[in-house]
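Using the working numbering, read the sequence shown as starting at 271 and increasing by one per residue. Even for Gly, the Cβ is constructed at its ideal location relative to N, Cα and C. All values reported here derive from a predicted model rather than from experimental measurement.
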Amino acid sequence: MSLALEIISPERLLLARDVDMVVIPGTEGDLGILPGHAKLVTSLRGGLVDLYEAGAVTDRFFVTGGFAEVTESRCSVLADTIIRQAEIDKAKAEAELSAAQAAYAAVDLTDADAYREASDRLIAAQAMVDSALPSPSPAKP
């Protein structure tokens, strides 16, 4: 039995295929979704969506936030921003982390909405840096 997975960005459907399992970064922690899972809707934090087939991770996508809807046979990930892990630019991710840290440091703590927005941005930026694949080592002569 497989799970129908859809990954959707604001612009388009990025992926629609059957997988054995998907792990999504819920705001309260990572969630492993298998066929037969209980229905739920959850918000997402910045992190990796891992697709599993035959017991191995076959694809990884970075999301900055959004929602996931789960039924017994389907998981739909509706994300604000989606990037294949292999396409994350580490330098750009580090620059975004610096900007998010500065915005967080400057936020008015009495403004709950501004604080939450700055906090979410910081969490997503740190997760993106953490998710970036290391640069390949130069070949030795």
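Asked, Found
"Those residues which DSSP pairs with Leu284 across a bridge", "In DSSP, Leu284 forms no bridge with anything."
"Alpha carbon of Glu339 to alpha carbon of Ile358, nearest angstrom", "25 Å"
"Stretch pair the segment 284 to 295 + the segment 360 to 375: three plus CB contacts closer than 8 Å", "no"
"Own chain residues within Cβ distance below 7 Å of Leu392, not counting five before or after", "Ala370, Gln371 and Tyr374"
"Touching by the beta-carbon criterion (3+ pairs, under 8 Å), the segment 387 to 401 and the segment 314 to 329", "yes"
"Residue burial classification, Ala419 (beta-carbon count within 10 angstroms, cutoff 16)", "The structure shown does not extend to residue 419, since the chain is modelled only from 271 through 411, so no value can be given for it."
"Start-end ranges of the alpha helix (DSSP H) lying completely within the segment 336 to 371, minimum 4 residues", "none"
"Contact set for Leu304: own chain, Cβ-Cβ below 6 Å, skip 5 residues either direction", "Met291"
"Contact set for Leu310: own chain, Cβ-Cβ below 6 Å, skip 5 residues either direction", "Val340"
"Straight-line Cα distance separating Glu342 from Asp320", "18 Å"
"Spatial distance of Ser407 from Met398 (CA atoms)", "Residue confidence for Ser407 is low, a pLDDT of 47 falling below 50, so the modelled location carries little weight; the figure read from the coordinates is stated next. Approximately 21 Å, taken between the alpha carbons."
"Rounded C-alpha distance that separates Pro295 from Ala356", "18 Å"
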